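Peer 1:
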Amino acid sequence: MPTSLPFYTDYVKIEQSSSNTDNKRVKTAFEHAITYFGKTSADLWLTYLNYLKQRQSLDFMTISRIHSRALHTLETMIVLIFQIFTWTNQNGLQSSSVNTAADDYASKLLHTIRLLESIEKRIATLELFTCISFSCLTISNKTFKTITTTY
């Protein structure tokens with residue numbers, strides 16, 4: 782399976798534009814895209830929910846279940862962006878500039894989170910190394926004192 786979000790987006794658009802739209806194929810494409818990009822793309826979830834709302838005769842419970850899945854799948858800070866997307870769509874403010882700005886913000890936020898996680902790992906490694914080095918130094922000093930006192 783290709784792992785490019787634009788590939789899935791284009792594929793869904795092509796499927797939707799055909800005269801005989803196969804809803805099962807479109808849903809499968811969305812599900813595959815979510816497998817790869819569901820943690821980081823709030824826009825993908827929102828597009829999927831809009832598709833289901835417009836094309837499917839799904840009940841409120843099904844859409845709620847998928848919305849809940851999005852909230853549990855998206856990475857922590859991206860959930861906020863997803864909620865902004867949802868709110869703008871519900872209030873008729875569906876603007877590509879709002880979505881683009883929010884997506885850009887989400888991308889930068891995710892990059893910052895990953896950078897902070899990397900720094901935390903390095904600090905933990907440094908603390909462990911310092912602790913080990915200090916223990917070795919203490920052992921060396923005791924050994925040195927033992928050696929000097931015996932002679």
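Heads up, the sequence shown is in the working numbering, so the first residue is 782 and it goes up one at a time. From the three backbone atoms N, C-alpha and C, an ideal C-beta is built for every residue, glycine too. Predicted model, so just to flag it, every value in this text is computed and none were measured.
1) How is C856 classed by DSSP in three states: helix, strand or coil?
2) On the CB-based measure, 16 or more other CB atoms within 10 Å of its CB, does T906 come out buried or exposed?
3) Closer than 8 Å by C-beta to A810: which residues in its own chain qualify, once you throw out the five before and the five after it? Chain order, please.
4) Could you check how far apart the C-beta atoms of K820 and E856 are, in whole angstroms? I think they sit under 8 Å.
5) For S799 and L827, what's the separation of their Cα atoms in angstroms?
6) Near F818, what residues of its chain come up, given a Cβ to Cβ distance below 6 Å and the 5 sequence neighbours on each side ignored?
Peer 2: Looking at the coordinates:
1) Against the sequence shown, residue 856 aligns to sequence position 75. It should be noted that the sequence gives Glu, not Cys, for residue 856. E856 falls in the coil class under three-state DSSP.
2) Residue numbering aside, residue 906 sits at position 125 when the sequence shown is read from its first letter. Classification for T906: exposed.
3) Indexing the sequence shown from 1 puts residue 810 at position 29. Cβ neighbours of A810 beyond the five flanking positions: Y789, Y792, V793 and E796.
4) Locating residue 820 in the sequence shown gives position 39, where the first residue counts as 1. Locating residue 856 in the sequence shown gives position 75, where the first residue counts as 1. So it is a contact: roughly 5 Å between Cβ atoms.
5) Position 18 of the sequence shown, counted from the first residue, corresponds to residue 799. Position 46 of the sequence shown, counted from the first residue, corresponds to residue 827. Rounded to the nearest angstrom, the two C-alpha atoms are 22 Å apart.
6) Translated into positions along the sequence shown, residue 818 becomes position 37. If we look at F818 and ignore the five residues flanking it on each side, its Cβ neighbours are L786 and L825.
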